[in-house]
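Heads up, the thing below is written out as structure tokens.
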Amino acid sequence: IGTGDWSSDVCSSDLAENKFAKFWIDDHTVHFIYNDGVYVDFEAAQKIVQERLQLQKGKSYPVFCDMTGLVGSDKNARDYLANEGSKLVKAVAALVSNPMTRMMLNFYLKINKPKTPTRSFTKKADALEFLKTYIEEVV
973 IGTGDWSSDV CSSDLAENKF AKFWIDDHTV HFIYNDGVYV DFEAAQKIVQ ERLQLQKGKS
1033 YPVFCDMTGL VGSDKNARDY LANEGSKLVK AVAALVSNPM TRMMLNFYLK INKPKTPTRS
1093 FTKKADALEF LKTYIEEVV
């Protein structure tokens, strides 16, 4: 997985979805969920960022990223996500499925140094709590 037909993509004002992930905005936070068994290459990373930016319509948000379905990514994709993937992102809370994945993500964060505050969590509630400090109420 990583290249191929994008014709099944869905992108509306409330939801974006492709073969890699689905994402939406709720409670002033972008919720981003990788599909099960996904491997992200450079082309997939570009598509994911492009669709997320379209969904956000020029507004910055904190991002909850559920990585439990992700099986891997290549270096070009990781580099792209650490840089271009930080556009319009106030902070990232990454949900991982186990302590080993969390350790690997933390190592990646030290090497790539994303432009935005990024932390990994094994519990969704903790991840969302972390993002609360980055939410600005819309009046």
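For the sequence shown, my numbering begins at 973 and goes up steadily by one. Where a beta carbon is used, it is the ideal one built from N, C-alpha and C, also for glycine. Since the structure is predicted, the reported quantities are computational estimates derived from the model, not experimental observations.
- Annotated three-state conformation of SER1032 is coil, per DSSP.
- According to DSSP, residue pairing for THR1001 in a beta bridge involves ASP998.
- According to the DSSP assignment, LYS1062 belongs to the beta strand (DSSP E) that extends over 1061–1067.
- Distances from the CA of THR1073 to each of SER1045, ASP986, GLN1028, VAL1002 were compared; the closest alpha carbon is that of SER1045.
- Ranked by Cα distance from ALA1017, the first of LEU1025, GLY1057, LEU1077 is GLY1057.
- Remark: C-beta atoms of LEU1060 and GLN1026 do not approach each other more closely than 8 Å.
- A distance of 8 Å or more separates the beta carbons of VAL1002 and TYR1052.
- Contact between LEU1081 and THR1088 is absent: CB atoms are separated by about 11 Å, not below the 8 Å threshold.
- Under the DSSP assignment, GLU1108 falls outside any beta strand (DSSP E); it carries neither an H nor an E label.
- Inclusion of ASN1078 and ALA1054 in the CB contact set at 8 Å is not warranted, their separation being larger than that value.
- Per the DSSP secondary-structure output, SER1058 pairs with nothing in a beta bridge.
- Within the same chain, Cβ atoms closer than 7 Å to the Cβ of LEU1103 are found at THR1001, PRO1034, PHE1036, ALA1063, ALA1065, the five residues on either side in sequence being excluded.
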